[in-house]
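J.: Residue numbers (my numbering): 18 to 285.
1) State the Cα-Cα distance for the pair residue 136 and residue 217, rounded to the nearest angstrom.
2) Quick check on this structure: which residue in 133, 231, 192 has the alpha carbon closest to the alpha carbon of residue 208?
3) Once DSSP output is grouped into helix, strand and coil, what is the label at residue 50?
4) Do residue 252 and residue 151 have their CB atoms nearer than 8 Å?
5) When DSSP labels each residue in this structure, what does residue 185 get in the three-state scheme?
6) Determine the burial state of residue 182: buried for a count of at least 16 other Cβ atoms within 10 Å of its Cβ, exposed for fewer.
7) Roughly how many angstroms lie between the CA atoms of residue 133 and residue 50, to the nearest whole one?
8) Assess, as a yes-or-no matter, whether the segment 197 to 206 is touched by the segment 232 to 243 under the definition of 3 or more beta carbon pairs within less than 8 Å.
9) How far does the alpha helix (DSSP H) with residue 33 in it reach, from first residue to last?
10) Note down, in chain order, each residue of its chain lying with its Cβ closer than 6 Å to the Cβ of residue 154, except the 5 sequence neighbours on either side.
11) When you compare the CB of residue 72 with every CB in chain D, is at least one pair closer than 8 Å?
12) At 4 residues or longer, what runs of the alpha helix (DSSP H) sit wholly inside the segment 154 to 242?
13) Buried or exposed for residue 287, going by 16 or more other Cβ atoms inside 10 Å?
14) Quick one: is residue 246 buried, meaning 16 or more other Cβ sit within 10 Å of its Cβ, or exposed?
15) Report yes if the C-beta distance between residue 124 and residue 21 is below 8 Å; otherwise report no.
16) Rounded to a whole number of angstroms, what is the C-alpha to C-alpha distance between residue 190 and residue 77?
17) Could you spell out the range, first to last residue, of the alpha helix (DSSP H) harbouring residue 112?
18) Would you mind stating whether residue 260 and residue 165 have Cβ atoms separated by less than 8 Å?
19) Candidates 228, 273, 80, 148: which alpha carbon is nearest residue 210's?
20) Which residues in the same chain as residue 72 place their Cβ atom closer than 6 Å to its Cβ, once the five residues preceding and following it in sequence are excluded?
21) Helix, strand or coil for residue 88? Go by DSSP, reduced to three states.
22) Can residue 28 and residue 127 be called in contact, C-beta distance under 8 Å?
23) Use the C-beta contact count for residue 262: other C-beta atoms within 10 angstroms, 16 or more gives buried, fewer gives exposed.
24) To the nearest angstrom, how far is it from the Cα of residue 129 to the Cα of residue 110?
25) Go through its chain and collect everything with a Cβ distance to residue 112's Cβ below 6 Å, but skip five positions before and after it.
26) Considering only their Cβ atoms, is the gap separating residue 257 from residue 175 smaller than 8 Å?
27) Using CA atoms only, rank isn't needed, just tell me which of 242, 179, 148 is closest to residue 281.
28) Can you tell me whether DSSP reads residue 256 as helix, strand or coil?
29) Please state whether DSSP places residue 152 in a helix, a strand or coil.
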């Protein structure tokens with residue numbers, strides 16, 4: 018456990034100083050005033066709704082970029098620069114190394130989440146007082162939407178770690194992680210079409226492949242509750258618990274596969 022926490026700390030400090038992390042956070046913080054005070058008022062009747070929508074979208078995009086690039090850079094570069102070789106030459110297991118890396122990355126992204134959430138919350142609260150609203154702001158839904166985004170991106174980080182442990186170049190993890198993200202968002206739509214009356218008319222092998230993809234890849238649409246956050250639609254506690262359990266299950270599976278693959282990798 019001590020080894021895991023040590024590696025997590027090193028990863029967290031290294032990621033926090035990463036130029037990609039610092040640049041994206043600074044740019045995002047500067048963008049929020051523009052979104053909230055310049056763009057949102059253009060919608061005279063739904064100023065707060067627009068502010069919430071744009072804030073959540075900005076947070077999602079920034080965290081997505083952070084998750085992919087930090088997840089790939091901090092693992093693949095360690096292997097490429099043989100830093101991991103040095104660490105693993107010490108009495109540290111490969112399992113501890115990967116788990117520590119994941120926890121460190123989760124911490125870095127968590128700092129980004131907290132920072133962006135604070136600034137967006139302040140802006141939305143100001144908009145809420147400046148303009149007359151017909152409904153009450155649902156902060157619970159707003160924070161739940163951000164939490165769900167965070168959980169989905171932890172899965173993406175686990176994917177990037179898995180691919181980085183078996184890849185021999187930096188481009189494969191990037192493209193594969195992006196592909197998993199895209200597939201995870203469209204698989205639900207494709208699956209719904211396949212089981213619809215129109216989908217039955219398609220060749221059987223397409224249905225089999227589509228269903229296999231649906232069940233194997235993470236379903237990121239489950240984590241997208243921005244609509245409920247924007248309009249304050251009731252969010253059931255069971256939904257939160259189910260999605261949380263779903264994300265934890267995927268994390269365990271992905272990290273377990275990554276550990277097995279990393280154990281078999283030869284360090285040259």
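A virtual CB, placed ideally from N, CA and C, is assigned to each residue, including glycine. These figures come from a predicted structure and were not determined experimentally.
T.: On the basis of the supplied data:
1) 48 Å
2) 231
3) helix
4) no
5) coil
6) buried
7) 12 Å
8) yes
9) 19 to 33
10) 145
11) As a matter of chain content, chain D is missing from the structure shown, which is built from one protein chain.
12) 156 to 183, 188 to 211, 221 to 233
13) The structure shown does not extend to residue 287, since the chain is modelled only from 18 to 285, so the question has no answer here.
14) buried
15) no
16) 20 Å
17) 111 to 147
18) yes
19) 228
20) 137
21) helix
22) no
23) exposed
24) 29 Å
25) 276
26) no
27) 179
28) helix
29) coil
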